[in-house]
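So for the sequence shown, my numbering puts the first residue at 181; every next one is plus one.
Single-structure report; data block below.
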Amino acid sequence: MKKLRLGLIGVGQMGNRIIQLAPERGHTITAEFKGNFPFTEERMIQAKDRVDVWIDFSHSTVTEKVVAVAAQYNLKLVIGTTGWYEKMDEVAKVTESSEAGVIWASNFSSGVYTFNKIVDFTASIMSKLRAYDVSIHEIHHNEKRDAPSGTSKTLAETLLKHYKASGLKSKIAPFSPGNTELNKDTLYISSSRVGQVVGTHEIMFDAPEDNIFLSHEARSRNGFALGAIRAAEWISTRKGFHNIDDFFADLMDGQE
Ligand SMILES: NC(=O)c1ccc[n+]([C@@H]2O[C@H](COP(=O)([O-])OP(=O)(O)OC[C@H]3O[C@@H](n4cnc5c(N)ncnc54)[C@H](O)[C@@H]3O)[C@@H](O)[C@H]2O)c1
């Protein structure tokens, strides 16, 4: 495996975990943008020649600017930051217009990737059963800024694909306490923020007779950090705009 020089945009909970785990895979951190030395376009450009792959776990307001620099200088970038997805089309277009390599995921853990596949399969059955309603609940630590979580939105899209086909649900919305009227054709995502919870996602299929409950609970941030490091290794030899499916397809084939 090629030893990489990694540049970190954001050194919080996730960035620190990457600093701990990257050396175990032979990589070195050669640039860090954080609280007292934040990301700016100029700083990223100045550091570009000492970084093989950039990893962004910062804030949604930063991501679009990071991608613009990556595209301008044909850099490699892993985007772990969530909350920027309404800019997805623009970010994809900017990347594709260059020789840059960008991979993004709302969740880099292989467990969550597998969970999404389980949800996909389950929804293919449950969406045909009118008796069962469906909802998502996500729980995270009390410092998480965005809600609903990026992962819950990805899971919601997976469910909606099947529920649209069966005509039972047509859209996704966050559930806010105080909603007086719930639409039966909306797939709701509710959120809790409490203590140190790393990330829990629950899907409930509820009928008058019983309840089917799927859940994924992250035990630490190591799964996300290790996935992001492996994604950095993967994107280091590729170009274009990729989601997690492209990366995990190779991982599961044993190619990575
Ligand atoms: N894709 C995944 O697998 C995954 C997993 C966990 C968290 N996340 C997402 O990653 C992001 C970061 O999560 P976290 O738990 O590390 O948060 P955090 O708040 O602990 O860390 C974010 C860091 O980014 C820094 N930051 C903010 N603006 C910056 C700027 N302009 N330049 C440089 N640094 C800046 C902050 O100072 C902070 O240290 C969030 O969007 C979160 O939802 C994604």
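Glycine included, each C-beta is placed from N, C-alpha and C at the ideal position.
Where residue i and residue j are concerned, what is the direct C-alpha to C-alpha distance, given to the nearest angstrom?
i	j	result
residue 398	residue 273	33 Å
residue 263	residue 237	11 Å
residue 409	residue 280	18 Å
residue 202	residue 246	21 Å
residue 192	residue 337	28 Å
residue 278	residue 270	13 Å
residue 256	residue 194	19 Å
residue 422	residue 314	29 Å
residue 392	residue 354	21 Å
residue 419	residue 309	42 Å
residue 259	residue 243	8 Å
residue 254	residue 305	43 Å
residue 295	residue 396	7 Å
residue 341	residue 307	10 Å
residue 326	residue 211	26 Å
residue 205	residue 365	47 Å
residue 321	residue 329	11 Å
residue 187	residue 415	14 Å
residue 333	residue 339	10 Å
residue 387	residue 404	34 Å
residue 214	residue 349	42 Å
residue 289	residue 370	22 Å
residue 347	residue 361	20 Å
residue 411	residue 427	7 Å
residue 222	residue 185	19 Å
Closest to residue i by C-alpha separation, out of the options, would be which residue?
i	options	result
residue 372	318, 284 and 261	318
residue 394	420, 308, 328 and 298	298
residue 228	251, 239 and 353	251
residue 287	391, 389 and 380	380
residue 351	230, 363 and 182	363
residue 301	391, 403, 234 and 343	343
residue 291	418, 406 and 218	406
residue 312	218, 258, 383 and 225	383
residue 240	219, 335, 295 and 307	219
residue 216	374, 190 and 432	190
residue 401	199, 187, 349 and 430	199
residue 181	417, 426 and 289	417
residue 248	334, 186, 268 and 275	275
residue 425	335, 293 and 205	293
residue 282	347, 413 and 376	413
residue 134	331, 361, 377 and 230	Because the chain spans 181 through 436 in this model, residue 134 falls outside it and cannot be assessed.
residue 356	368, 385 and 348	368
residue 197	235, 268, 226 and 183	235
residue 207	183, 230 and 226	183
residue 345	374, 331, 303 and 316	303
Helix, strand or coil: how does DSSP classify residue i here?
i	result
residue 218	coil
residue 206	coil
residue 425	helix
residue 188	strand
residue 279	coil
residue 326	coil
residue 346	coil
residue 247	helix
residue 430	helix
residue 236	strand
residue 258	strand
residue 231	coil
Alpha helix (DSSP H) runs contained entirely in the region 350 to 422, provided each spans 4 or more residues: Along the length of the region 350 to 422, whole alpha helix (DSSP H) runs at least 4 residues long occupy 402 to 415, reported in chain order.
Ranges of the alpha helix (DSSP H) found wholly within the region 283 to 311, counting only runs of at least 4: Entirely contained in the region 283 to 311, the alpha helix (DSSP H) runs reaching 4 residues are, in chain order, 290 to 306.
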